[in-house]
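First to last, the protein sequences are chains A and B. For the first sequence, the numbering used here begins at 1 and goes up steadily by one. For the second sequence, the numbering used here begins at 1001 and goes up steadily by one. Positions of the beta carbon are idealized from the N, C-alpha and C atoms, including for glycine. These numbers were taken from a predicted model, which means no experiment stands behind them. First up is the structure itself, then whatever we jot down about it.
There are 2 protein chains.
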Amino acid sequence: MFAERINRLQGSLVREILAVASQPDMISFAGGLPAADAMPKLDFTELPASLSQYGPSEGESWLREAVAAEMSKNGVTVTPEQILILTGSQQGLDLAGKLFVDEGTPVLVEAPTFLAAVQCFSLYGAKFVEVGLTPQGPDLAELERKLISEKPRFAYLIPTFQNPSGVCYDEATRQRVADLFDEHNVVLLEDEPYRELVYDECDRAPICARLKAAKWVHFGTFSKTAIPGLRVAYLACHPDLMPHFYKLKQAADLHTNRQGQWAMHRFLTSPDYPAHMERLRGYYHAKRDAMAASLDKHFHDLADWVVPQGGLFFWLTLKADIDSYALLQPALDRKVAFMPGKPFFASGRTSNHLRLNFSHASPERIEEGVKVLAEVIRAHR
Amino acid sequence: MFAERINRLQGSLVREILAVASQPDMISFAGGLPAADAMPKLDFTELPASLSQYGPSEGESWLREAVAAEMSKNGVTVTPEQILILTGSQQGLDLAGKLFVDEGTPVLVEAPTFLAAVQCFSLYGAKFVEVGLTPQGPDLAELERKLISEKPRFAYLIPTFQNPSGVCYDEATRQRVADLFDEHNVVLLEDEPYRELVYDECDRAPICARLKAAKWVHFGTFSKTAIPGLRVAYLACHPDLMPHFYKLKQAADLHTNRQGQWAMHRFLTSPDYPAHMERLRGYYHAKRDAMAASLDKHFHDLADWVVPQGGLFFWLTLKADIDSYALLQPALDRKVAFMPGKPFFASGRTSNHLRLNFSHASPERIEEGVKVLAEVIRAHR
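So, in C-alpha cells, the structure goes:
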C-alpha cells in the first residue's frame, strides 16, 4: 500500500525523549530549543496587505538581498539570485535529499552528525559513509580515503559548533576540506545553524567560500538567532543548482509564508539586530560557562569533553565504556533529561556519549541537573 | 550528479505564461489567484509571544480542533487527531507522493486534472491512469474498468468545482465513486480547495465521508477563502495514515508557521468569518456571471462550456479542432492571457480547451478580454 521509502521512515525515539523532557518538573538538557526569553518581540503593525497574496517561490526579493549581503559579509560572495528562502532549514535538507539522493546513493556525514539530516536523507535511500571527528574537524586522512573509495555524491558537514559535538573546524582544516572537495569534485552541503552563536574567538569562515570547482549548498536559519516559530530559513548555492532547488521548492509548498519573511527582514535590518545578537551571545555564554563549571565539579573523573566555543551543546565522552542509553531511564526517573549519543551516528552504533544542551535550563537548574546526572552515572557503574 | 527523479522535474511552461500574464497592461485569465481586494485584513495585535518557540509538527491543537469541527459540519466526522496542519495544500500533495508513490506506481487522475498534482506525483515516479470527466463527474464505467485493470495505488480526485474543468460531481456519482473505492479498496485523495466558493446550490458532500473500507485523505486550504500568503492548509485522513503523515511532515519542515496558524484560527472563529464568506461568494458570483454573459455574447459559435456552480474557472471546449497552445502567443500579443488545456492532462496530449479564470479581472476587463480572445480564435481559423 505504501511506497518503499516508508520502510525507511524511522520512528523517532528522540521525540519520545523530548516529550518526557518537556514535563514541567524535568531539568531538560535533551532538546536544542533556543531560549524563549531571549527571543525578540514580533511587531506586525506595518505589515503590508499586499503580502496576503501568493508570493514568489524563491522568496521575497528584499529578504534574498539582505541574506546575500549578510553572507557576503561572512566571505561567501553571492547574488540574491543564489538565495532560496526556505520554510525552515529542515526543508533545505528535504530538498537536497530530493535533488541528490537515489536508493543506495553514498552520502558522507560526520560521526556524529545531526540526526534529522540522517532521517531525512535515509527517506530517499542514502547509504551513509561516516568520517570521524577530532576537536579540529573531520579526520582528514579518513576523509580523503573515503572520498576516493566510497565516491559520495555529496558530503553533509556542520563545520561551525557542530551538532551534537560542538566541534568548530579550525582554519587549516577548513582549507584542506575545501581542497579535497575540489580535487575529488564532491558536492558540499554546509549546514550552519549555529554560526552566529559564538562565545569565544574562533575560525568560522564558511568552507563553501573556499571552493574553486566543487558545487556547494550552504544552509542558514533565523530559528536559532530569532524566531523558530516563523519557519523562515534560507539556502545559498552554486548557480547551477538554483534552477533545480527552485522547482523543488515550488513542488514542496509553493513558497515560504510571506508574513514571516517580512517580520524576519524587518528584524534583520533593524538597528536592534546587532544589539539583540550581542545580548543573545552574552546570555548563552553565561549558560555555557555555568555548565562548564558544573561539569568540572561533578564530571572531571567521569567523562572527557571540549568546552564548545559556540552553539548550544556539550558533548561528553564517558571514560567508562557505558552505553549512554542505559543511563536515560535512571536519569529521567530523577527528573533529568539528556540525549544519548546513539541516534547521532548514522551507523546507529551504541555510544558512550551524552549530548547536553545548556541554553534551556537556568544556571541553578544546570548545576542541579549536572550533579544528579553524575550521581546516576556513579550509581550505574 | 543528481537523483534520477530530477529527470522527471518538469520545467513549467505555466510559470512562464503566468510571468507574462502578470504584466500590468495584460488582461489575465491565466492564473488562479484569489482576488486580493476580497481578502480579510490580518490583525496580529494579540499574537501570543509563546508562539515564537518551535511548535508541534501536527499543528496547533486549537486549529486542529476548529478544522475537525468544520469538517464534521460538512459530513466528515473526524477527531482533531486526524488533522495535520500543512504549509499550504501543495505540501499535502508532496507528502502523499512520499507516502504512496514509487517509480512506476499507478496513480489514477481525472482528465483533465490539477497540473501541480501531476508535477508533484511525477517527481516520485507516478504512472498516470486517466479517467475522463463528464459534467456529472468521472465516466463511471471507465473508472470501474481502470480500477480493475490498472490497480492504481490511489486516485487523486477534485470532486467539487474541479480545477480546471469546474465540474462538481453530482450526488449519485459521489455515492457510486465511494462504492467503487470501497469495493476495490483503493485509497482516495480528495482535494477540495474550492468547496467554499459556491455560487449555486449543488451537491458538495465529501466523498471520503461515504467510504466504509477504503483509506482516504482529504485536503483543504484557507488560501482560496482567506490569505494564501500565510501558507496554512490542512489534511484530514484515515487514522491509519496519520502516523506516517506526521513523520513525513516533521522531515519536510518540522511544522507549519505558528503565527499563520494563529491568525487563521482567529479569523476562522471570528464573527466576521461567515460575513466574509458571504461577501466573497457574492463577489465571485458576480464575476462568474460577468464572464458567462461575455462568453454567451462572443463565444456561442466558437466553444462549448458549462457554467461552473463554484470555483474560479470556466473550461471551454473549442468547436473547431484547434490546439489551444497555438492561440496563446497571438492572444498574448493582444494583451490577453489564458491557460491552454494541454498541461492539465497527465498524458500531455494536445487539447482544444481553454481555462479562463474569472476571479482576477474586473467585469469590464473580463468583457474586453473575452471579446479579444474570440477575435484571436476567429482570426486563427
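Can you grab the Cα-Cα spacing for the pair residue i / residue j, in whole Å?
i: A:Ala3; j: A:Glu110; result: 29 Å
i: B:Pro1239; j: A:Gly55; result: 33 Å
i: B:Thr1079; j: B:Ala1068; result: 6 Å
i: A:Leu248; j: B:Lys1297; result: 42 Å
i: A:Glu165; j: A:Glu130; result: Reading off the sequence, residue 165 of chain A comes out as Ser, not Glu. Cα to Cα, the separation comes out at about 14 Å.
i: A:Phe161; j: B:Arg1195; result: 49 Å
i: A:Gly369; j: B:Leu1241; result: 39 Å
i: B:Arg1279; j: A:Arg281; result: 50 Å
i: A:His255; j: B:Gln1090; result: 10 Å
i: B:Gly1260; j: B:Ser1050; result: 14 Å
i: B:Ala1303; j: B:Ser1347; result: 23 Å
i: B:Asp1301; j: B:Leu1373; result: 13 Å
i: A:Leu396; j: A:Thr350; result: This structure cannot speak to residue 396 of chain A, because chain A is shown only from 1 to 381.
i: A:Leu99; j: B:His1244; result: 22 Å
i: B:Glu1183; j: A:Asp191; result: 49 Å
i: A:Phe29; j: A:Met277; result: 23 Å
Under a Cβ-count criterion, where at least 16 other Cβ atoms within 10 Å of its own Cβ denotes burial, should residue i be classed as buried or exposed?
i: A:Pro45; result: With the sequence shown as reference, residue 45 of chain A is identified as Thr, and Pro is not the correct amino acid for it. Answer is exposed; the Cβ neighbour count stays below 16.
i: B:Thr999; result: Residue 999 of chain B lies beyond the stretch modelled for chain B, which goes from 1001 to 1381, so this question has no answer here.
i: B:Met1339; result: buried
i: B:Gln1329; result: exposed
i: A:Ile207; result: buried
i: B:Lys1146; result: buried
i: B:Arg1381; result: exposed
i: A:Glu364; result: exposed
i: A:Arg355; result: buried
i: B:Asp1321; result: exposed
i: A:Glu201; result: exposed
i: B:Ser1309; result: The sequence shown places Gln at residue 1309 of chain B, not Ser. Answer is buried; the Cβ neighbour count reaches 16.
i: B:Asp1094; result: buried
i: B:Pro1159; result: buried
i: A:Asp253; result: buried
i: A:Pro48; result: exposed
i: B:Ile1017; result: buried
i: A:Ser57; result: buried
Taking the CB atoms as reference points, tell me whether residue i and residue j lie closer together than 8 Å.
i: B:Ala1337; j: B:Ala1036; result: no
i: B:Ile1366; j: B:Leu1327; result: no
i: A:Ala251; j: B:Gln1250; result: no
i: B:Leu1033; j: B:Phe1344; result: no
i: B:Thr1221; j: B:Pro1193; result: yes
i: B:Ser1122; j: B:Arg1015; result: no
i: A:Lys335; j: A:Ile27; result: yes
i: B:Gly1311; j: B:Leu1189; result: no
i: B:Glu1060; j: B:His1218; result: no
i: B:Phe1181; j: B:Ala1141; result: no
i: B:Gly1075; j: B:Ser1223; result: no
i: B:Thr1113; j: B:Lys1127; result: no
i: B:Phe1314; j: B:Phe1358; result: yes
i: A:Val167; j: A:Gly137; result: yes
i: A:Leu230; j: A:Ala155; result: no
i: B:Leu1318; j: B:Ser1324; result: yes
i: A:Arg153; j: A:Val187; result: yes
i: B:Glu1150; j: B:Gly1125; result: no
i: A:Gly92; j: A:His360; result: no
i: B:Tyr1199; j: B:Ala1038; result: no
i: B:Pro1135; j: B:Val1306; result: yes
i: B:Leu1013; j: A:Ser52; result: no
i: B:Leu1143; j: B:Val1101; result: no
CB of residue i to nearest heavy atom of the ligand FMN: below 7 Å?
i: B:Ala1096; result: The ligand FMN is absent from the structure shown, which contains no ligand whatsoever.
Which residues of the region 1078–1101 of chain B have a Cβ closer than 7 Å to any Cβ of chain A? Give them in chain order.
Within the region 1078–1101 of chain B, the residues whose Cβ lies closer than 7 Å to some Cβ of chain A are Thr1087, Gly1088, Gln1090, Gln1091, Asp1094, Lys1098, Leu1099, Phe1100, Val1101, listed in chain order.
So if I threshold CB-CB distances at 8 Å, which residues from the region 245–258 of chain A count as touching chain B?
Lys247, Leu248, Gln250, Ala251, Ala252, Asp253, Leu254, His255, Thr256, Asn257, Arg258
Return the residues of the region 118–146 of chain A that lie within a Cβ-Cβ distance of less than 8 Å from chain B, sorted by chain order.
Listed in sequence order: Gln119, Cys120, Leu123, Tyr124.
Count Cβ pairs between the region 73–91 of chain A and the region 224–237 of chain A that sit closer than 8 Å; are there 3 or more?
Result yes; three or more Cβ-Cβ pairs closer than 8 Å.
Tell me, please, whether the region 279–294 of chain A touches the region 260–270 of chain A by the rule of three or more beta-carbon pairs shorter than 8 Å.
no
Report the residues of the region 60–73 of chain A with a CB closer than 9 Å to any CB of chain B, ordered along the chain.
none
Residues of the region 266–279 of chain A in Cβ contact with chain B at a cutoff of 9 Å, in chain order, please.
Flagged: no residues at all.
Taking any Cβ of chain B, which residues in the region 219–238 of chain A have a Cβ under 7 Å from it, in chain order?
Ile227, Pro228, Gly229, Leu230, Arg231
Residues in the region 149–166 of chain A with C-beta within 8 Å of chain B's C-beta atoms, listed in sequence order?
Arg153
Any C-beta of chain A within less than 9 Å: which residues of the region 1038–1062 of chain B qualify?
Per Cβ criterion, the list reads Met1039, Pro1040, Lys1041, Leu1042, Asp1043, Phe1044, Thr1045, Leu1047, Ala1049, Ser1050, Leu1051, Ser1052, Gln1053, Tyr1054, Gly1055, Ser1057.
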